[in-house]
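**Student:** Pasting a structure below so you can have a look.
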């Protein structure tokens, strides 16, 4: 049984102090402020979207007792104006928008900002607290900068409970929390990240309120040292488990999860845009978004070539799809590169693959179309099923393949597919993870009791109708070739398809295997065996232990590392699946 929290933090030396609780947090800020030899001292507390603003601001005001309080929401345009500004990117679609090109200044009314700055200039002495999203924009010449960061999965949980708003817009009372998420994904988080990247090397303090009952704060220097250490060694991000209408039961047992939950459908175990990174200082852990590491030093993490192609984005995603004793995923297709660029502003698409980590007898995957499929008949059938509540004849149009443990199915964009029930899928894909066009969802409702969105109008424009049975068999199923072998190990190529930019290698080993990053980031999952250890040939990082089904990241800067069985796996054959970005 794997415990997915044992190995998630990176321990940081240096004697950095973590302040816990609002009283100690504000006392630390006030002590720093008192050391500044100026009559007027400006404390800017920058909020990432998703911070519980009222609670946080009230706690800061109580502890700091400033002479002047400026809340950034008061300086923004009226809500209706902001809705007009962001509408081109938010759109009227329930799920999809356009990746915004906006920056934080677009939200602020220049007249309101000018008025408050005049008022600020008239202050002769005292402390000024500027708090909220855009605080550092309003006060670029702040004396102390506190960055209140927030993990995106915690933001989503708060959105589901209608606890938070989008930037400048009161959306938290909407009936459909997905509208909050959509505006966060396409607009708010992009705006906040652009500002974050400008500020992160200026942080005096970082505030962690992911657990709103236990706020913590550490210095910006401590965070920088923590991120630097992550770049020198293997590390894991914190997985997030979520239920779904097709969810299964495998992860409950194997990952030591809450057995009282109805199911677990997803595990996002390496999605740096969504996951968290835990940094341990002494006995205390600070949680930050793992995307911060990408922003902090993308070249050392990703490598020169990967950075040159993707910038400060982490292009590889690992996640789990559990349908064991569950149901089929929705029948779906992902956009082609030109389509995702034109319609959604994303510059690369969601190619992916299904690696079968486990399967019950009779498990299947739906992949590709039947020979001789009639495109118009299939689309008409899908639309009728969606609009009239009838059943879509999947077996008539889509090829169904039996699956077994350790099969690998490749799914380049444009290929109709879905996992059937009774499989545990390790999904290896490119990072644009929400761009799934659902074609048919078996007539069921989502976890919220509402119909899940169906996207046939998008899907029909990207389906590759020539990807039929024979083509899929020859190109997409178990394209496994032995690459190399030595004493106690075998290396195999397993994918992905030549149209996809990710490459994968599977290693079977009972002894130590040497690996090389070759100048690019590696993402690896233990697919067979109980325990392995990752070590540095020159002892530049401490041994890193990984358990079954855990995923870990090797930064490009590590260069060389070894993997061998460990603990109860000694003398047994283990297996890993490694992914990296194809650069040639």
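In our numbering, the protein residues as written are 9 to 592. For glycine and all other residues, C-beta sits at the position ideal for the given N, C-alpha and C.
1) Should residue 108 go down as buried or exposed, given a rule of 16 or more other Cβ atoms within 10 Å for buried?
2) Does DSSP put residue 17 in a helix, a strand or coil?
3) With distance defined between alpha-carbon atoms, name the residue in 542, 551, 567 and 520 nearest to residue 527.
4) Within this structure, are the beta carbons of residue 278 and residue 559 separated by less than 8 Å?
5) Nearest CA to the CA of residue 389: which residue from 552, 405 and 190?
6) Kindly indicate which three-state DSSP category residue 596 falls into: helix, strand or coil?
7) State the CB to CB distance for the pair residue 462 and residue 446, rounded to an integer number of angstroms; the pair is presumed to be in contact (CB under 8 Å).
8) Counting Cβ pairs, one atom from each stretch, are 3 or more of them under 8 Å apart for the stretch 536–544 and the stretch 579–586?
9) Determine, using beta carbons only, whether residue 239 and residue 563 come nearer to each other than 8 Å.
10) Can you list the beta strand (DSSP E) stretches of 3 or more residues lying completely in the stretch 90–166, in chain order?
11) Apart from the five residues just before and just after residue 543, which ones in its own chain have a Cβ nearer than 6 Å to its Cβ?
12) Kindly indicate the opening and closing residues of the beta strand (DSSP E) around residue 573.
13) Among all the DSSP beta bridges, which residues are the ones paired with residue 417?
14) Leaving aside the five residues before and after residue 183 along the sequence, list all residues of the same chain whose C-beta is less than 6 Å from its C-beta, in chain order.
15) So, at 8 Å on beta carbons, what are the nonlocal neighbours of residue 574 in its own chain, with the 5 sequence-adjacent residues on each side left out?
16) Can you tell me whether residue 589 is buried or exposed, with buried defined as 16 or more other CB within 10 angstroms of its CB?
17) Less than 8 Å between the C-beta atoms of residue 477 and residue 370, yes or no?
18) Nearest-angstrom Cα distance between residue 349 and residue 327?
19) For residue 334, does the three-state DSSP call read helix, strand or coil?
20) Using DSSP with H/G/I as helix, E/B as strand and the rest coil, what is residue 238?
21) Could you check whether residue 411 and residue 363 sit closer than 8 Å to each other, using their CB atoms as the reference points?
22) Compute the Euclidean distance between the alpha carbons of residue 246 and residue 298, then round it to the nearest angstrom.
23) Assess, as a yes-or-no matter, whether the stretch 250–267 is touched by the stretch 310–327 under the definition of 3 or more beta carbon pairs within less than 8 Å.
24) For the putative contact between residue 74 and residue 137, defined by C-beta atoms under 8 Å, what is the C-beta separation to the nearest angstrom?
25) I need the straight-line Cα distance from residue 502 to residue 32, nearest angstrom please.
26) Tell me which same chain residues have a C-beta within less than 7 Å of the C-beta of residue 243, skipping the five on either side of it?
27) Going by other Cβ atoms of all chains shown within 10 Å of its Cβ, with 16 needed for buried, is residue 271 buried or exposed?
28) Less than 6 Å between C-beta atoms, sequence neighbours within five positions excluded: which residues of the same chain meet that for residue 215?
29) Can you name, in chain order, every residue of its own chain whose Cβ lies under 6 Å from the Cβ of residue 25, other than the five neighbours on each side?
30) Who are the near neighbours of residue 587 in its chain, counting only those whose CB is closer than 6 Å to its CB and skipping five residues on each side?
31) Looking at the structure shown, is residue 394 part of a helix, part of a strand, or coil, going by DSSP?
32) Quick check: residue 152 and residue 40, are their CB atoms within less than 8 Å of each other?
33) Look at the alpha carbon of residue 485 and the alpha carbon of residue 359, and state the distance between them as a whole number of angstroms.
34) Whose C-beta lies closer than 7 Å to the C-beta of residue 114 among residues of the same chain, with five residues either side of it excluded?
35) List the endpoints of the continuous alpha helix (DSSP H) containing residue 466.
36) Assuming residue 158 contacts residue 58 (C-beta within less than 8 Å), just tell me the rounded distance between them.
**Tutor:** So, to answer that:
1) buried
2) strand
3) Taking only the C-alpha atoms, the option nearest residue 527 is 567.
4) yes
5) For the residues 552, 405 and 190, the minimum Cα distance to residue 389 belongs to 405.
6) It is not possible to answer for residue 596, since the shown part of the chain is limited to 9 through 592.
7) That pair is a contact at about 5 Å.
8) Counting C-beta pairs closer than 8 Å gives three or more between the stretch 536–544 and the stretch 579–586, which meets the contact rule.
9) yes
10) 134–140 and 152–157
11) Same-chain partners within the cutoff: 551 and 570.
12) 568–573
13) 362 and 485
14) none
15) Only 539, 540, 541 and 553 meet the Cβ criterion.
16) With 16 or more Cβ atoms within 10 Å of its Cβ, residue 589 is classed as buried.
17) no
18) Spanning the two alpha carbons is a distance of roughly 24 Å.
19) coil
20) Here residue 238 sits in helix by DSSP.
21) Between residue 363 and residue 411, the C-beta gap is not smaller than 8 Å, which leaves the two residues out of contact.
22) Rounded to whole angstroms, residue 246 to residue 298 spans 9 Å at the Cα level.
23) no
24) 4 Å
25) 53 Å
26) 18, 560 and 561
27) buried
28) 154, 156 and 225
29) none
30) 324, 436, 510, 512 and 531
31) helix
32) yes
33) 15 Å
34) 93
35) 464–467
36) 4 Å
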